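The next block holds one structure in the form of structure tokens; read it before the comments.
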Amino acid sequence: MGKLRMLAAAGALVLAACSSTPAPQEVRVEATEFAFGPATIEVTAGLPVTLTLANVGSVEHDLTVQEIPLAERSAAEGPMEGHTMSPEAEQAQLHVAAPAGQPAELTFTPTQPGTYEFACSVPGHKEAGMIGTLVVRP
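Residue numbering for the sequence shown follows our numbering, starting at 1 and increasing by one per position.
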């Protein structure tokens, strides 16, 4: 009888693990004048990602990905009022902005493996070198 209970308990644990929502992948990117660190970030397709943009610079920065297939995306958390960005950033699939010295957060779920460029859309920043790579693994 004890073995049967242990087997039932093990089965229940397996089922519980399969039915739970996966925890978000936590990614932190620091923005300075005029670079991202790290410049390459890797995530897994189909799993949620919580991206924290930590602006450690002395001017406003953002992180945008123009085109990336997504299952879902949350509204960016953090101050964005009065944010200065290029017109194409308004059409970006992903966009999170952080004032100088502050963080901002965005949660999204990428669906397609691939390599995607991210950049700062504040006028002149991308041209100054604020570009990075988002790698979505299968």
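Every residue, glycine too, gets a C-beta built ideally from N, C-alpha and C. For clarity, every value in this text was computed on a predicted model and none was experimentally measured.
Give the straight-line distance between the Cα atoms of residue i and residue j, rounded to the nearest whole angstrom.
i	j	result
K126	L134	15 Å
G37	Y116	16 Å
L70	T111	5 Å
G46	G124	33 Å
C120	T107	18 Å
Take residue i as the anchor and find which of the options has the nearest alpha-carbon.
i	options	result
P48	A23, S58, Q93	A23
S74	Q93, A100, G124, G129	Q93
Q25	I41, T50, G46, A35	T50
V65	F118, P138, G46	F118
V59	L106, E72, A97, T109	A97
E90	E105, P138, V122	V122
I68	E105, T52, H95, V29	H95
Determine, using beta carbons only, whether residue i and residue j come nearer to each other than 8 Å.
i	j	result
G132	A39	yes
E72	T44	no
Tell me which same chain residues have a C-beta within less than 7 Å of the C-beta of residue i, skipping the five on either side of it?
i	result
G114	V136
Residues in the same chain with beta-carbon distance under 6 Å from residue i, minus the five sequence neighbours each way, listed in chain order, please.
i	result
E33	G57
I41	V27, L134
In the DSSP assignment, what residue or residues form a beta bridge with residue i?
i	result
G114	V136
L94	V65
T44	R137
What does a CB cutoff of less than 8 Å around residue i pick up in its chain, not counting 5 residues either side in sequence?
i	result
G129	F34, A35
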